[in-house]
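Peer 1:
Numbering (the working numbering), first residue to last: 1133 to 1675.
#1: Please confirm whether residue 1470 and residue 1418 have their CB atoms less than 9 Å apart.
#2: Closest to residue 1390 by CA distance: which of 1266, 1624, 1551 and 1311 is it?
#3: To the nearest angstrom, how far is the alpha carbon of residue 1371 from that of residue 1359?
#4: Tell me, which residues are paired with residue 1560 by DSSP?
#5: Can you give, in chain order, each stretch of the alpha helix (DSSP H) that sits fully within the segment 1373-1408 and has at least 4 residues?
#6: With 16 other CB atoms within 10 Å as the buried threshold, where does residue 1271 fall?
#7: Taking the alpha-carbon positions, what's the residue 1619 to residue 1458 distance?
#8: If you compare alpha carbons, which of 1267, 1266 and 1224 is closest to residue 1250?
#9: Using only alpha-carbon positions, find the residue among 1599, 1657, 1629 and 1586 that is nearest to residue 1649.
#10: Check residue 1175 in the structure and name its three-state DSSP category.
#11: Write down the C-beta distance between residue 1638 and residue 1591 rounded to the nearest angstrom, noting that I regard them as a contact closer than 8 Å.
#12: With the cut-off set at 9 Å, would you say residue 1579 and residue 1640 are in Cβ contact?
#13: Might you give, ordered along the chain, the residues of its own chain that have their beta carbon closer than 6 Å to the beta carbon of residue 1438, omitting 5 neighbours on each side?
#14: Consult DSSP for residue 1227 and reduce its assignment to one of helix, strand or coil.
#15: Since residue 1092 and residue 1652 are thought to touch, with beta carbons under 8 Å apart, how far apart are those beta carbons, to the nearest angstrom?
#16: Go through its chain and collect everything with a Cβ distance to residue 1366's Cβ below 8 Å, but skip five positions before and after it.
#17: Would you call the segment 1399-1410 in contact with the segment 1529-1540, where contact means no fewer than 3 C-beta pairs closer than 8 Å?
#18: With distance defined between alpha-carbon atoms, name the residue in 1606, 1523 and 1535 nearest to residue 1541.
#19: Here's the rule: buried if 16 or more other CB atoms are within 10 angstroms of the residue's CB, otherwise exposed. What is residue 1294?
#20: For residue 1247 versus residue 1220, is the C-beta spacing smaller than 9 Å?
#21: Along the chain, where does the alpha helix (DSSP H) that runs through residue 1427 open and close?
#22: Tell me the residue span of the beta strand (DSSP E) that contains residue 1329.
#23: Does DSSP put residue 1356 in a helix, in a strand, or in coil?
#24: So what's residue 1137 in DSSP terms, helix, strand or just coil?
#25: Taking residue 1429 as the reference, give the member of 1474, 1441 and 1327 with the closest Cα.
#26: Where residue 1159 and residue 1349 are concerned, what is the direct C-alpha to C-alpha distance, given to the nearest angstrom?
#27: Using only the alpha-carbon positions, how far apart do residue 1355 and residue 1432 sit?
#28: Less than 8 Å between the CB atoms is what I'm expecting for residue 1588 and residue 1622, so what's the real figure, rounded?
#29: With 16 other CB atoms within 10 Å as the buried threshold, where does residue 1478 fall?
#30: Thinking residue 1494 and residue 1669 are a contact (beta carbons under 8 Å), I'd like their distance in whole angstroms, please.
#31: Taking DSSP's pairing of strands, which residues face residue 1609 in a bridge?
#32: Taking DSSP's pairing of strands, which residues face residue 1472 in a bridge?
#33: If you reduce the DSSP assignment to three classes, tell me which class residue 1194 lands in.
#34: Kindly indicate the opening and closing residues of the beta strand (DSSP E) around residue 1510.
#35: By how many angstroms is the C-alpha of residue 1556 removed from the C-alpha of residue 1496?
#36: Contact defined as beta carbons within less than 8 Å: I believe residue 1254 pairs with residue 1236. What is the distance between those atoms, to the nearest angstrom?
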């Protein structure tokens, strides 16, 4: 049933505030679901076709608020029965169906029926926030059924495009509805467990930002509220992991491969929520037609201008992807792995992810240096849970600064507190160094407490000692006998970074970062070390 919506003025304003909400959320009063109103006629589109508001009833009685964009009669792309390819667009976290109004009009003008909808629990849609759980997944098929029954949509040509939460839902839709032939996941996730708990470390700052965006825009389910409480309190984490696993497309990858759905993944190197390592791992396991694009930026920052109707590379790729697999248009002539390299923004294309790097350099962690002779026997002790000046940045802002200002998180390496971190620097690289992929740190740890956290940082250091963050990652442990050494491996987040000529690399190991819920008790010590029998090293993938 199509309806008018008295709340639409507020929702239209919200579309203009997508950036503010995406960057931490301006406070917005939570609206109640609107009362029934008289049916509204179709509203003429801005440029061809039509636009109307609609209610989509789910099987459990929840009503989803939706927008429908239909091509004008005679628009190319229809089949002999006058049906057009269908693109379904779930709104992103904290947003509503009008988020995609510019892209909906663009899809309709290009010969698509586009249906965008507010995910249950947010804004005027009924129900409670399910965070891509079974109810949200069922809603995807419900929206498709509704569109096929009430629009000139072709059941043989169905695709999905989504941003953030919508990006995760597109991949889950590819797994659970075989009618979907192609999807484009923009700043989506593949592994929600990794997003909340990679390196067995709680990503509390990112979770707090998501909770802050949700609070004024959606109705939290009791299950989601309990999971957040447990995550912040560091309790019952196996249940948090179970909850997140059920919402992870990576757990259903065999279904996507069996369905044969064509998958485009477009993400940012500095995504505060969904680090690129989980995306590249997912991409490599796909056996369907696939494409991977990674650019500098943070969560949803690369796609934002497209929401305003401006030219945007990520949205252009999404449209081209659907054109290829729903309309039979020529495909992208670039190779399937397309990278924008930091910091200069040079583009590289590769046939697959393995081709991104050509070798791995093994740099020994010596008593004083990085990359010297292997086999040094050394020990360095730091104070646990102590700020040092090294940092992974601020959720949603640091990656954006890297994208727009070429300014990643920065530290003056000589001034880092040596009582709180271990620092090892390489000699200058006269010709620079193209770092590609995930660096890995191996070392030996001896802690005075049975649990703890290490955060590893890799910096690009200039002649003045100013370090620009190349990559980082946390790794936690528990249940270790105090005073007993054990091996520790930290896999840093994937990146593509060109170290400039004459610059050094610096590896920094600390125990505290505001991005994460660390487990190193205050007042304890953590000792890093190396021996000839088990040398510490940095394994660095390069081109």
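Even for Gly, the Cβ is constructed at its ideal location relative to N, Cα and C.
Peer 2: Short version:
#1: No, they are not a contact pair.
#2: When only C-alpha atoms are compared, the closest one is 1311.
#3: Spanning the two alpha carbons is a distance of roughly 8 Å.
#4: Partner(s): none; residue 1560 has no beta bridge.
#5: 1385-1391
#6: With 16 or more Cβ atoms within 10 Å of its Cβ, residue 1271 is classed as buried.
#7: Whole-angstrom Cα-Cα distance: 50 Å.
#8: 1224
#9: 1586
#10: Caution is warranted here: a pLDDT of 36 is assigned to residue 1175, below 50, making its placement in the model unreliable, and no coordinate value can be reported.
#11: 4 Å
#12: no
#13: 1444 and 1447
#14: coil
#15: The shown model of the chain, from 1133 to 1675, leaves out residue 1092, and the question about it has no answer.
#16: 1334, 1649 and 1651
#17: yes
#18: 1523
#19: buried
#20: yes
#21: Premise fails: residue 1427 lies in the beta strand (DSSP E), 1422-1427, not in any alpha helix (DSSP H).
#22: That residue, residue 1329, is in no beta strand (DSSP E); its alpha helix (DSSP H) goes 1324-1329.
#23: Per DSSP, reduced to three states, the secondary structure at residue 1356 is helical.
#24: Residue placement at residue 1137 cannot be trusted, given a pLDDT of 37 that sits under 50; the coordinates are not used to answer.
#25: 1474
#26: With a pLDDT of 30 at residue 1159, under the threshold of 50, the modelled position of that residue is not reliable, and no figure is offered here.
#27: Distance from the CA atom of residue 1355 to the CA atom of residue 1432, rounded to whole angstroms, is 26 Å.
#28: 4 Å
#29: exposed
#30: 5 Å
#31: 1584
#32: 1479
#33: Secondary structure of residue 1194 (DSSP, three-state): coil.
#34: Counting along the chain, the beta strand (DSSP E) containing residue 1510 begins and ends at 1510-1515.
#35: 10 Å
#36: At roughly 18 Å, the Cβ-Cβ gap does not stay under 8 Å, so residue 1254 and residue 1236 are not in contact.
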